[in-house]
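Residue numbers (our numbering), protein chains in the order written: chain A, 26 to 427; chain B, 26 to 427; chain C, 26 to 427; chain D, 26 to 427.
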């Protein structure tokens, strides 16, 4: 048993840490200033500073670190990338700066594993180059998406074509001016067995029949210039070759992207929780009231201790999940992956809430604290709500007593 | 001991309930549509529908119910107004529709009790008529406002004039096009005893030297068209008669508005919590996943039961605080008032969070759920953070052991 | 709405408070010294001091206050007895000293309402005189007793006799040397409708066929000299007249005793919680560590404030349940009664745990703290576990959405 | 990074697991039957079955595994012994059966590191042979022992002798008929620097002047035949050579035993928490109510999932603490050791409480559930209460902001 990262991973962590803290964090305010402040998504523009950061990260080799495929990406295992993901969670800009933001990460992995040579050349290459972005159209507004059998959108094969219909939402990045393509999931054959009904289709962003219905706010944020869209697909027609890996493999592909994606999310949440705890501690030692530093008032030290204990435990379990995924495969990691998906977002939300509280009036107006809170809050729902994951942990536990 | 409201109060509750549910709630969507959707506060306009609601409420006699003074207002005691305040908490529009929204309520009470005849005629009359609105400039950005001795803003008496200087924030309503006046609090005589240093000054909204620095977002909301402003007062000069009740009485006046104000806040929070629980239950019985209604999945019934128990307890303690304030005075009500100020906002935040969670993806994008959550979250800080009130409860408890 | 107790109730509370604090509490140590310290229940003796206290209470008229029947008892309503019950919760000896301890209270109420003249004369009279004690044999070891349809014990009518068979447990008081009778519940007619299958039977303690299987420890306490027994009833034969109110009315009788009984339990739990908070505060102001009083260390003031807030809320809801039971009947009080049955024991357990914690090593060895903790812990299970009551609260809440 | 135990550790875990489950657990009932059930500690006897288990464990080589010294013990590192300690936490008999129970473990380590050749021969040898047991007399009743400067007991050097005076309590094992010696800590030189005032003295159990004042119950348990005693040392005179490592080194020796001791405690608590979760799950799948298995009622699955998540996190952090202690020393492990000392006992208490609850009436009478609960409860106080350890975690965290 050894809790130390490998030498090379430690070096990479240090490099990423330096880049995030010396280059990315100081660019946050510039980015916010450069943003076009409007609710009209068609007016959104990409702040130039992010492209500068991307160029610099690429030059430094801090690029596509998420991609376990050594040919297209950094070739890191889950356990080696996990601590990198944590560092990127400390700034809302960092994942994009390093070309490691969702849903591009999952989409790239899908194209690496399942994409045709043509798909890889036309879409994967510019995605990994940071020239385009992508979106993932899976969740639907009218049904409980945690139950995949509810999916209503269709992608029917008609002759040489595949025809897409349906309403998707929480399609993140759909408002990004650089959007290149969607990966769309829908039902191809409702009469097939439960796990072979769905297909995934690569849809160019400019395909006819796609309409952005609205951009959804996330706890009050539109997250411009990316945006989370409700998107209508009305009779979108594409050549049959747009179906990734062929019809009926949607479920299989979806499963494959879940494990690593959840580990990325959780490690970023842990990095964000560390940032929230820093904000909390900084305030606690600097602010005074009633003649004392806040840290010497009431239960603030208990809050800080509880935060440290919660973060350290969440990190270890997430790293163990990554290690298990690497060494024993997805099945062996199921309990840990569902567990961290409950734990890490809740830890983040709790600490961000405490950081807000200790900031008093500033706390509810502070953009970073809002981002930290919202990230935790949303992750408790996205990619399976807490309830579904707790249910999975209990189910696997109870299987021991069958 | 009798837990029933008086006959007349029960009738009034029923009337307000009907108005809120039949007229105000259905107007919420209209109001949102009529809002000018911009972050530029100088462009904000009042949605016409709210003025229609106000006219109707006035006609029905559901107007200024908050004001215990029978000459200027409805003459209700705290215990009789409290359940009315709860009903108004069920819609973000209701308090304004009934001319019962903060900070107008507290400002009106101050002018009724301490205002000169001239102040009452010029400012109180149109405020109670719903023609103008008002703001309260007390909190300051650079210091812990829960400790009043920290206040830095000044209102110096210079000859016949009073001169105001300082930066205030969380001055709610400062962006409202109908704003008539501020009540400003500052230090007049730093050499006076601890509780006679401050004064309150009535400042016309168009006085020279006032500058809105920025509008503060509240968990992502600007709350247009009212807004919460950071306001600079630079050498604002007014006749000495603008000092309410004369110099040095600011602390005394501030104390007097706290008790009733906190009861209003808490009862509205409880009404909001009821609304959140309704949203939660409606979703739980309507939505299905994995072949079951959500209410039949996992711990959702426990969440509902816990919410009901928390609300009912919080309501009773708030009503008792109101009754104690009415029958035994502020000193006797101190523990209860601090207690409810901790309890009610936390109950609201917790239930709003649960309502978000059960709504899944819709939960984080829903405007009403966001409002409910933000109301609870902000109230945990506004008017004294949880920590200060818990400290007060403990202090009074420990006084028994001295 | 009026939160004040009536004049006469206030006087009675004051009297009971004086008696409990001046006479009962100082007798606790004497009682413990007089106890025969043995696990062999057949050796148990009644400490003389309790009989002295009973005589004194009777003389002072502080006797049978629980009994709403004015002829046999004090004739207090639930809302008037509730605050008395709270005071008796402050000492483990007080309920018995005032002849107000369970299960005698419920048994007496049953005999007042449903007992024959003969039963009242032979059993109720000495019970109310404090000469004998009684036990209630309902719960069974092999099944979930919160679901009454599970009951397996039988009381068959055979000719002129009723014949009892079955195993009961948690039959409290069964080890008391003064035990006069059991009230036994069993199935008389399994073919009858769901609510008319059961009967209650008055069983003299010395009836042939009764066997104490063992005394059950409660979190390590045997609660001698009363004891909680597992009791076997093997072919116990009694005249048919022993059936209270006749065959088939067991369920109806059981329902009737639940509401008041739960209010008594909860008010006593609240009194016990007040005692636990006193212990906590006394320790917090007296003990020093690291040069400070404990009250000035860490989050202890938050713990104290949270305890005060929890107790005050629980008390109000319990009083409201009592008032509702008095003025609107059992059906109207269902939500409140289930709610307090969850809330009050949990409040007690939490505060008793905190009181233990602040006492350090002494905390886990202190007999009073152990009693306070165990009382809360057991009440979370006795008379319906938390889960069943939460379920009831949720069910009634959701009925609004049917 | 590697979460797998070494091959040899895995084998050892498997062996201990088999021994505990096949031999120790089935002996628990025999042990309880053989116990002399009396509160009079002078009558206590050792149940023969434990000596049989010890003999068998010794024969199997599952003996003194705790001792990192390879000459006297198994020579395992903390990270290798930690998972063994977890397994021993699953039965109250297992630590003693494997000669790995506190306080013998800490006392043996002290004698290995600091004992003279004579002390090792006369006392360590029989202790490691399982022939005698030992006690540790440090905590005192009158003062907060978490602050070592409070210690009042003295061990003065007078000529060739050391003279012991003072009252100790929570001296565990002091009632054991096999008790061989105490290690006593007291003040030798109050004028010395803070960390060189104290000495540790090896005191034969039969030394003149030692008096057992009473045996302390632990949440209602005397833990016979070991017992936790209040012990008076009145002018106990020993040759100066009885001072371990010489005068003034008591604090240093005490510090050294803390780290490993806390890891042992926490790992045993985790093993106990696993046992509590097993009991909970077994009941949940076997018991039915209202026509369903308990596992399908209410929030029981959430409770199970939360328990699994809490245990897995606590284990990982404890293992990391052990690894850090092994590889980077005590200073580097301070945060983790304090953190686990808060976390593991609370996890155990919470799960034991939930296991009690799901067992209903049986839950509060069940000896094993009581033991599990009491173990968690006591550990929240023993060896530094939660509050002291949270304070330490916060202090180390805030040191980053100095």
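Cβ atoms here follow ideal geometry from the backbone N, Cα and C, with glycine treated the same way.
Since the structure is predicted, the reported quantities are computational estimates derived from the model, not experimental observations.
Nonlocal neighbours in the same chain, by C-beta distance under 6 Å from residue i, ignoring five residues either side
{"i": "residue 50 of chain A", "result": "116"}
{"i": "residue 262 of chain C", "result": "186 and 188"}
{"i": "residue 203 of chain C", "result": "157 and 158"}
Below-8 Å beta-carbon distance, residue i vs any chain C residue
{"i": "residue 327 of chain A", "result": "yes"}
Proximity test, Cβ basis, 8 Å: residue i and chain A
{"i": "residue 181 of chain B", "result": "no"}
{"i": "residue 164 of chain B", "result": "yes"}
{"i": "residue 102 of chain B", "result": "no"}
{"i": "residue 337 of chain D", "result": "yes"}
{"i": "residue 402 of chain B", "result": "yes"}
Contacts of residue i in chain D (Cβ-Cβ under 9 Å)
{"i": "residue 414 of chain C", "result": "Per Cβ cutoff of 9 Å: no residues; residue 414 of chain C is ~11 Å from chain D at best."}
Partners in chain C for residue i, counting only beta-carbon separations shorter than 8 Å
{"i": "residue 323 of chain A", "result": "324, 326 and 327"}
{"i": "residue 27 of chain B", "result": "26, 27 and 348"}
Listed by chain order, chain B residues near residue i by CB distance under 7 Å
{"i": "residue 410 of chain A", "result": "382 and 385"}
{"i": "residue 306 of chain C", "result": "422, 423 and 426"}
Contacts around residue i, its chain only, beta-carbon distance under 7 Å, and the 5 residues preceding and following it disregarded
{"i": "residue 148 of chain D", "result": "136, 205, 206 and 227"}
{"i": "residue 352 of chain A", "result": "none"}
{"i": "residue 343 of chain B", "result": "107, 288, 291, 292, 295, 365 and 369"}
{"i": "residue 166 of chain B", "result": "192, 194 and 255"}
Cutoff 8 Å: residue i Cβ touching any chain D Cβ
{"i": "residue 360 of chain A", "result": "yes"}
{"i": "residue 378 of chain A", "result": "no"}
{"i": "residue 282 of chain C", "result": "no"}
{"i": "residue 341 of chain A", "result": "yes"}
{"i": "residue 138 of chain A", "result": "no"}
{"i": "residue 357 of chain A", "result": "no"}
{"i": "residue 364 of chain A", "result": "yes"}
Proximal chain C residues relative to residue i, where beta-carbon distance stays under 7 Å
{"i": "residue 290 of chain D", "result": "Chain C residues near residue 290 of chain D: none, gap ~15 Å exceeds 7 Å."}
Under 9 Å by beta carbon: chain C residues contacting residue i
{"i": "residue 171 of chain D", "result": "314, 315 and 385"}
{"i": "residue 30 of chain B", "result": "26"}
Contact with chain B by residue i, beta-carbon distance below 8 Å
{"i": "residue 42 of chain C", "result": "no"}
Proximal residues of chain B, C-beta to C-beta of residue i below 8 Å
{"i": "residue 367 of chain C", "result": "330 and 334"}
{"i": "residue 50 of chain C", "result": "Ordered by position in chain B, no residue passes the 8 Å Cβ test against residue 50 of chain C, which lies about 17 Å from the chain."}
Chain B contact residues for residue i, given Cβ-Cβ distances below 9 Å
{"i": "residue 107 of chain A", "result": "What residue 107 of chain A touches in chain B: nothing, since even the nearest Cβ is about 26 Å away."}
Interface residues of chain D facing residue i [CB-CB closer than 7 Å]
{"i": "residue 405 of chain C", "result": "382"}
Cβ of residue i within 8 Å of any chain G Cβ
{"i": "residue 418 of chain D", "result": "Checking the listed chains, one finds no chain G in this structure; the protein chains it contains are A, B, C and D."}
Chain-ordered chain A contacts of residue i [CB-CB under 9 Å]
{"i": "residue 344 of chain D", "result": "26, 28 and 341"}
Listed by chain order, chain D residues near residue i by CB distance under 8 Å
{"i": "residue 388 of chain C", "result": "406"}
Contact set between the stretch 211–228 of chain C and chain A, restricted to residues whose Cβ is under 9 Å from the partner:
none
Report the residue ranges of all beta strand (DSSP E) runs contained in full by the stretch 234–318 of chain A; include only those spanning at least 3 residues, in chain order.
235–240 and 253–264
Taking only runs that begin and end inside the stretch 77–155 of chain A, name each unbroken alpha helix (DSSP H) of 4 or more residues, in chain order.
Segments of the alpha helix (DSSP H) lying fully in the stretch 77–155 of chain A: 103–113, 119–122, 129–139 and 150–153.
Which residues, in chain order, does the stretch 230–250 of chain D contribute to contact with chain A at a C-beta distance below 8 Å?
Those residues of the stretch 230–250 of chain D that come within reach of chain A (Cβ to Cβ, closer than 8 Å) do not exist; the list is empty.
Return the residues of the stretch 56–82 of chain A that lie within a Cβ-Cβ distance of less than 7 Å from chain B, sorted by chain order.
Against chain B - using a Cβ distance shorter than 7 Å - the residues of the stretch 56–82 of chain A are 62 and 64.
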